[in-house]
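Residue numbers (the numbering used here), protein chains in the order written: chain A, 1 to 183; chain B, 1001 to 1183.
By construction, the Cβ of each residue, glycine as well, lies at the ideal position given by its N, Cα and C atoms.
Note that the structure is a prediction, hence the values are computed from the model and not measured.
Have a look at the structure below before the remarks.
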DNA sequence: AGGCCATACTTACCGCGGGTAAGTTCTGCG
DNA sequence: CGCAGAACTTACCCGCGGTAAGTATGGCCT
């Protein structure tokens, strides 16, 4: 699979990953990569989709298992996301701050892939509680964006443990999430 | 000033802004740009610094005027940031999702420029209230990151008014910020 | 079995953009 | 008047994404 090769060379070379190096890592040549996966932008999109899938899967394993949604679950969501991102540092960097001109779309696409399910979850949860639901989408993007930048910062020097950081993030937003119409 | 020319051409051409087009807009040639401002990465950095300065200035005008710090102030901070970003759409896109390989550093640099003062503010505020202060830095990054992605999403299709969105963001984090040690 | 077509790959190339080396004009000063 | 040096321009290199044209491989029909 070309995408696996791409991930390997990105993990190795960081953002300097060229189509050509990916091609040789995959054991083929450039036009083949182009034929299989399309342009560089589509490659980045595909990688972004995969990473998003992994994030969602990891989060789902935490959140989906319990039917409840509480502060602990939220912190677990953050922790699993942080750890997944930390396990794919270079890929995360490549995908979020990758090259190319298409980047606004891709960043939004990647974010949307995570924010969508989160927004659904929030919508269901707040509907059940009889709370206002219009905030679900912006809040989902807010939480994902928070996670994005904090991950970047966390990756790039500070080595506090993931679970501590996750708990701090949960502390920041939990009260807001939980505060209902009964303000 | 070369940077002004750069902003003009970015506002016009979006991310397709090449050094050459910036040079002709500035009325000079490429090596001159290179001599004055350094590499493309440094150009992006300088632009990022300027945008951060504007954001901080706008935020300071809102937050710094009142000595208090409450939900209203927080919402005003979000609103002014959103509006500043909205007024510099293309520049914001260029700077956050710009080209090049240096991007992790630059993104962090830009974010840090905003997150730093915010972290200071949070630290002072929570010190005065006798609350834990270790969360100030991660929270500052969290809030800036939130703002980043929400801005991207907001710019790119949804036209709800800035003040509504700002209020929703404030609602999300205010309780968390305000919740003290007396959990 | 032998020739033919399609598919799939490779080699070779183009264009563009960042970066730079070498040449050229302009300015001030002896 | 001539010279030194700074500042700018022209002309170029290189690397990368993208593609066109050529080449091998494998099946299929006669």
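- Message: In this structure, how does DSSP classify residue 60 of chain A when only helix, strand and coil are distinguished?
- Response: helix
- Task: Answer with yes or no whether the minimum CB distance from residue 29 of chain A to chain B is below 8 Å.
- Result: By this cut-off, residue 29 of chain A is not an interface position.
Requested in this report: Report the option in B:1058, B:1088, B:1089 whose CA atom is closest to the CA atom of residue 1077 of chain B.
Outcome: B:1058
For residue 1116 of chain B, name the three-state secondary structure that DSSP assigns.
helix
### Query
In terms of residues, what are the limits of the alpha helix (DSSP H) holding residue 15 of chain A?
Neither: residue 15 of chain A is in no alpha helix (DSSP H) and is coded neither H nor E.
Those runs of the alpha helix (DSSP H) which lie wholly inside the segment 1087-1172 of chain B and span at least 4 residues
1089-1096, 1103-1129, 1136-1155
| Does DSSP put residue 38 of chain A in a helix, a strand or coil? | coil
Worksheet item: CB residue 74 of chain A to CB residue 174 of chain A, shorter than 8 Å?
Response: yes
Grab me the residues of residue 1014 of chain B's own chain with a C-beta within less than 6 Å of its C-beta, minus the 5 sequence neighbours each way, in chain order. The residues are 1090.
What's the C-alpha gap between residue 169 of chain A and residue 138 of chain A? If you take the alpha carbons of residue 169 of chain A and residue 138 of chain A, they lie about 17 Å apart.
Tell me whether the beta-carbon of residue 1045 of chain B lies closer than 8 Å to the beta-carbon of residue 1106 of chain B. yes
- Message: Quick check: the segment 105-124 of chain A against the segment 36-45 of chain A, are at least 3 beta-carbon pairs closer than 8 Å?
- Response: yes
Item checked: residue 1016 of chain B to residue 1097 of chain B span [Cα, whole Å] -> 12 Å
- Item | CB contact check: residue 1161 of chain B to chain A, cutoff 8 Å | False, the Cβ-Cβ gap to chain A never drops below 8 Å.
| task | Whole angstroms is fine: what's the gap from residue 30 of chain A's alpha carbon to residue 40 of chain A's? | result | 11 Å
Between residue 119 of chain A and residue 140 of chain A, how many whole angstroms is the CB-CB distance? I'm expecting something under 8 Å. 4 Å
Note to self: Taking the beta carbon of residue 1084 of chain B as the centre, do at least 16 other beta carbons fall within 10 Å, making it buried, or is it exposed?
What the structure shows: buried
Q: At 9 Å on the CB atoms, spell out the chain A contacts of residue 1141 of chain B, in chain order.
A: Near residue 1141 of chain B (Cβ distances below 9 Å), the residues of chain A are 146, 149, 150, 152, 153, 154.
Listed from N- to C-terminal order along the chain, which residues in the segment 1102-1116 of chain B have their beta-carbon within a distance smaller than 7 Å of any beta-carbon of chain A? Listed by position along the chain: 1103, 1104, 1107, 1108, 1111.
- prompt: Beta-carbon of residue 93 of chain A versus every beta-carbon of chain B: anything under 8 Å?
  reply: yes
With a threshold of 16 other CB atoms inside 10 Å of the CB of residue 145 of chain A, please say whether the residue is buried or exposed.
buried
Classify residue 1004 of chain B as helix, strand or coil using the three-state DSSP reduction. helix
| What whole-angstrom Cβ distance do residue 1022 of chain B and residue 1033 of chain B have, given they're in contact under 8 Å? | 6 Å
Fill in: Neighbour flag for residue 172 of chain A against chain B, beta carbons, 8 Å
By this cut-off, residue 172 of chain A is an interface position.
**Asked** Under the rule that 16 or more other beta-carbon atoms within 10 Å means buried, what is residue 1002 of chain B, buried or exposed?
**Response** The residue in question, residue 1002 of chain B, is buried, as its Cβ has 16 or more Cβ neighbours within 10 Å.
- prompt: What's the gap between the Cα of residue 1163 of chain B and the Cα of residue 1125 of chain B?
  reply: Near 24 Å, if we compare the C-alpha coordinates of residue 1125 of chain B and residue 1163 of chain B.
*asked:* Looking at chain B, is there any beta carbon in it that lies within less than 8 Å of the beta carbon of residue 133 of chain A?
replied: No, residue 133 of chain A lies away from the interface with chain B (no Cβ there is under 8 Å from its Cβ).
In chain A, which residues lie less than 7 Å from residue 1165 of chain B when you measure between Cβ atoms?
138
**Study point:** Beta-carbon proximity list for residue 1055 of chain B, same chain, < 7 Å, skipping 5 on both sides
**Key:** 1081, 1084, 1114
message: Please report whether the beta-carbon of residue 169 of chain A lies at a distance below 8 Å from any beta-carbon of chain B.
response: yes
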